[in-house]
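Going by numbering that gives the first Met the number 0, the first residue of the sequence shown is number 0, and it counts up by one from there.
Backbone N, C-alpha and C fix where the C-beta goes; we use that ideal spot for every residue, glycine too.
Data first, discussion second: the structure below is written as structure tokens.
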Amino acid sequence: MSNTSTDRTDRTGRADASAASATAEDREDLTTAGSQLSTAPQEDAAPRDGAPNLPALGVVGWARWFWRQLTSMRVALILLFLLSLGAIPGSLIPQSGTDPTRVADFLARHTTLGPLYEKLGLFHVYSSVWFSAIYILLFVSLIGCIVPRTWQFVGQLRGRPPGAPRRLTRLPAYTTWRTGAEPEAVRGAALELLRSRRFRAHAAGDAVAAEKGYLREVGNLAFHIALIVMLIAFAWGQLFKSEGNKLVIEGDGFANTLTQYDDFKSGNLFTTDDLEPFSFVLKSFTGTYERTGPNRGTPRTYQAEVAYREGAHGAERRRTVKVNEPLEIDGSKVYLVSHGYAPVVTVRDGRGEVVHRQAVPMLPLDANVTSSGAIKVLDGYRDAKGVKEQLGFNAFFVPTFAGAGKGEMLSQFPALDFPVLALSAYHGDLGVDSGLPQSVYQLDKKNMKEFKDSEGKLLKKRLLPGETMKLPNGAGSITFEKDVKEWAGFQVTQQPGSGWALAGALGAILGLAGSLFIQRRRVWVRATTGPDGVTVVEMAGLGRSESAKVPEELGALAGQLYDLAPGAPPAGADAPPAGPGAAEAEAGAAEAEAAPGTGPETDTVPEPDSGKPTPEPPAVPAAEGAETK
């Protein structure tokens with residue numbers, strides 16, 4: 000035996016350098032193995048000296064930095080949060096596009112806060128400059144994030160999974176056994192097995208590389224694309240939408256023109272040419288109610304029979320419109336939203352001639368349809384002296400009256416069981432010629448005088464169907480006819496993009512579910528001939544994130560492959576027996592390296608003092624999703 004000795008310091012230094020080199024190679028190897036498991040953009044790393052990573056000077060550098068910040072996930076979440084915050088005042092503060100009356104009232108009551116809100120655009124939040132800026136920036140951020148990730152994912156689909164790392168024991172899930180089968184046969188069986196389990200697999204040198212779970216990234220991209228679709232659909236719907244309400248009495252009709260609506264609002268880009276041409280007539284309204292029990296008065300049947308025509312010369316069709324079953328005509332929907340009664344009244348002048356006869360719609364005040372309204376006689380009336388005047392009547396109507404002396408003028412039930420009409424009379428100028436808008440349910444009594452009864456009080460009376468109230472001094476009369484019609488309130492809406500918004504919402508839910516519950520993972524199978532001529536099979540798995548599913552799936556695959564390539568008989572008395580237990584997946588590389596020097600790939604370096612072999616320090620995996628030891 001040679002007595003030649005080597006300098007201990009030199010030997011130790013070279014060993015340390017070799018270990019460091021091996022560690023760096025392992026880290027780079029694992030980084031390659033875990034690369035492209037996700038298309039998520041990587042944040043720019045700061046320099047090692049801790050200095051901030053500032054862009055290069057110049058317009059291009061700053062523009063590139065701004066674009067990277069805008070398309071980052073952090074900024075997208077901030078913009079989404081700001082958009083949610085911006086929608087809060089739109090819900091709490093009256094908006095000029097939906098309720099201009101409340102806006103005017105707010106400005107009148109808040110002389111300091113109102114002008115401030117107006118300058119900040121809080122009375123029209125969704126069309127304000129700052130809300131539109133957040134909306135557009137979020138839209139651009141999502142597009143700038145989706146396009147490169149989609150292109151990168153397409154490149155991954157066209158490529159192949161990376162080859163096996165040099166040391167599979169470094170991966171989070173690992174197992175190995177010895178078999179008498181040839182390495183080529185083991186790799187062929189592994190390739191066939193992985194493909195049968197829907198892995199994308201191919202042979203790479205002395206190993207088989209496979210990957211699965213691409214639907215995770217598909218779901219992630221689908222979620223972001225669905226958000227873009229929803230943003231476009233909502234913006235389109237807000238810009239081109241229209242919404243109007245119309246009260247129609249039985250027997251009357253409606254044509255979809257702007258002048259026919261009782262009130263109407265629309266988006267900024269909507270024009271009257273966008274109104275769909277159609278018309279309908281309310282043939283009848285049917286409402287039935289619960290008579291007994293705790294739900295007494297609750298509607299059981301609530302529907303309107305209409306005859307409608309599409310276009311100017313369309314054929315007449317019949318349809319029943321219910322609360323949640325609108326009439327759909329092209330891009331418009333006609334909803335049934337309200338109901339009430341319209342008692343028919345006849346007004347005669349001092350000479351007994353009929354000057355007014357019509358059904359007067361009453362506005363419901365409670366669930367039992369206690370209603371109020373106004374009867375206005377504008378033209379044709381002359382008093383007993385032949386002087387032209389206008390008449391006005393305040394009216395209260397109850398479909399079911401409790402009876403005289405049994406309470407106030409309140410309805411006891413919503414059906415027409417005991418209808419009563421209460422009137423109070425006025426004469427003079429109704430103010431309709433001033434040009435100012437008036438409510439059809441209220442009287443402007445500023446220029447009106449009261450009709451007096453025999454006691455000098457305001458003339459008022461309760462009328463049953465068929466009864467008449469005579470005006471004093473031969474001024475005429477008003478009759479409550481034995482006919483009470485019903486009216487229905489319809490809302491006609493055009494909401495373009497609603498179908499796309501629904502599709503985007505469903506796509507976002509499905510995409511989010513896929514990105515949360517599907518895991519992208521890789522599996523490698525290596526089969527090589529050992530020093531003793533026996534084939535050594537190694538299997539390892541790596542996922543994008545830590546999960547118990549990767550070791551479980553690897554264990555199931557190893558069990559199936561073990562059946563195709565069973566363990567070899569023990570090489571000696573001290574050799575561990577080969578069997579199915581050897582194919583169980585290890586939870587992490589820490590277990591794989593728990594016993595130093597026993598792994599198939601364990602490297603050792605001599606200890607300077609004792610000369611005993613010492614395991615090499617484990618390398619920290621840099622691959623995404625790899626478990627840190």
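Local Cβ density within 10 Å of Asp348, reported as buried at 16 or more and exposed below that
Answer is buried; the Cβ neighbour count reaches 16.
With respect to the alpha helix (DSSP H) encompassing Lys118, which residues constitute its N-terminal and C-terminal limits?
Per DSSP, Lys118 belongs to the alpha helix (DSSP H) from Leu112 to Leu119.
Span of the beta strand (DSSP E) around Asn219
Careful: Asn219 lies outside any beta strand (DSSP E), inside the alpha helix (DSSP H) at Tyr213 to Phe239.
Identify every run of the beta strand (DSSP E) within the stretch 333-393, keeping only runs that are complete inside it and at least 3 residues long; order them along the chain.
Within the stretch 333-393, the complete beta strand (DSSP E) runs of at least 3 residues are 353-358 and 370-376.
DSSP three-state label for Leu462, please.
Of the three classes helix, strand and coil, the one that applies to Leu462 here is strand, per DSSP.
What residue ranges within the stretch 134-222 form continuous beta strand (DSSP E) runs of no fewer than 3 residues, ordered along the chain?
Runs found: 172-178, 199-203 and 206-211.
Leaving out five residues on either side along the sequence, give the residues of the same chain with a beta carbon under 7 Å from the beta carbon of Gln441.
If we look at Gln441 and ignore the five residues flanking it on each side, its Cβ neighbours are Ala373.
Report the three-state DSSP secondary structure of Ile508 (helix, strand or coil).
In the structure shown, Ile508 sits in a helix (DSSP, three-state: H, G or I).
Span of the alpha helix (DSSP H) around Glu551:
Segment Lys548 to Leu563, the alpha helix (DSSP H) holding Glu551.
Between the C-alpha atoms of Val359 and Leu137, what's the straight-line distance to the nearest angstrom?
The C-alpha of Leu137 is placed about 51 Å away from the C-alpha of Val359.
Phe516 classed as buried or exposed, judged by whether at least 16 other C-beta atoms fall within 10 angstroms:
Under a 10 Å Cβ-count criterion, Phe516 is classified as exposed, with fewer than 16 other Cβ atoms of the shown protein chains found around its own Cβ.
Roughly how many angstroms separate the alpha carbons of Asp43 and Gly212, rounded to a whole number?
The pLDDT assigned to Asp43 is 45, lower than 50, so where the model puts this residue is not dependable; a value taken from the coordinates is nonetheless given after this. Rounded to the nearest angstrom, the two C-alpha atoms are 27 Å apart.
Val491 and Val333 closer than 8 Å at C-beta
It is a contact, given that the beta carbons lie within the stated cut-off.
Asp262 - partner residues in DSSP beta bridges
Asp262 is bridged to Asn244.
Decide if Ile508 is buried, meaning its Cβ has at least 16 other Cβ atoms within 10 Å, or exposed.
Ile508 should be labelled exposed.
Hey, is the stretch 262-279 in contact with the stretch 229-245, meaning 3+ C-beta pairs nearer than 8 Å?
Counting Cβ pairs under 8 Å, three or more are found: they touch.
If contact is defined by three or more beta carbon pairs under 8 Å, each pair taking one atom from either stretch, is the stretch 536-555 in contact with the stretch 161-175?
Result yes; three or more Cβ-Cβ pairs closer than 8 Å.
With C-beta atoms as the reference, is Pro276 less than 8 Å away from Gly310?
Cβ distance < 8 Å, so Pro276 and Gly310 count as in contact.
The alpha helix (DSSP H) spanning Val58 covers which residue range?
Element bounds for Val58: Val58 to Leu69.
Using the C-alpha atoms, what's the distance from Ile145 back to Met72?
If you take the alpha carbons of Met72 and Ile145, they lie about 11 Å apart.
Quick check: what's the CA-CA separation for Gln494 versus Ser331?
If I take the Cα positions, the gap works out to 8 Å.
Does DSSP put Tyr125 in a helix, a strand or coil?
Collapsing the DSSP output to three states places Tyr125 in a helix.
Can you tell me the Cα-Cα spacing of Gly503 and Phe395, whole angstroms?
When the Cα atoms are used, Gly503 and Phe395 turn out to be separated by approximately 49 Å.
Residue interval of the alpha helix (DSSP H) (run including Arg108)
Judged by DSSP secondary structure, Arg108 falls within the alpha helix (DSSP H) whose first and last residues are Pro99 to Arg108.
Just to confirm, is the Cβ distance from Gly475 to Val346 under 8 Å?
Judged by beta-carbon spacing, Val346 lies within the 8 Å limit of Gly475, meaning their Cβ atoms are closer than that value.
Shortest alpha-carbon distance to Gly89 belongs to which of Val74, Glu117 and Phe65?
Of the listed residues, the one whose Cα sits closest to Gly89 is Glu117.
Starting from the C-beta of Gly488, find all residues in its chain whose C-beta is less than 6 Å away, skip the five residues before and the five after it, and write them out in chain order.
Sequence-distant partners of Gly488 (beyond 5 residues in either direction) whose C-beta falls short of 6 Å from its own C-beta, in its chain, are Leu246, Val336 and Ser337.
Nearest-angstrom Cα separation, counted from Gly158 out to Ala557:
Rounded to the nearest angstrom, the gap between the Cα atoms of Ala557 and Gly158 is 26 Å.
Per DSSP, what are the beta-bridge partners of Pro298 in this structure?
Paired residue(s): Tyr288.
Three Cβ pairs or more, each shorter than 8 Å: is that satisfied between the stretch 57-68 and the stretch 197-216?
No, because fewer than three Cβ pairs between the stretch 57-68 and the stretch 197-216 fall closer than 8 Å, the two stretches do not touch.
Those residues which DSSP pairs with Thr534 across a bridge
Answer is Thr178 and Thr528.
Give the DSSP-derived three-state secondary structure of Gly566 in the structure shown.
In the three-state scheme derived from DSSP, where H, G and I count as helix and E and B as strand, Gly566 is classed as strand.
Are the beta-carbon atoms of Arg521 and Pro182 separated by less than 8 Å?
Pairing Arg521 with Pro182 gives a Cβ-Cβ distance that is not under 8 Å.
Look up Ala421 in the DSSP assignment and say whether it is helix, strand or coil.
Residue state, collapsed to three classes: strand.
Any beta carbon of chain D sitting closer than 8 Å to that of Ser126?
No chain D appears in this structure, which consists of one protein chain only.
For Leu106, collect the residues of the same chain with a Cβ closer than 8 Å to its Cβ; drop the 5 residues on either side in sequence, then sort them by chain order.
Excluding residues up to 5 positions away in sequence, Gly113, Pro114 and Glu117 lie with their Cβ nearer than 8 Å to the Cβ of Leu106 in the same chain.
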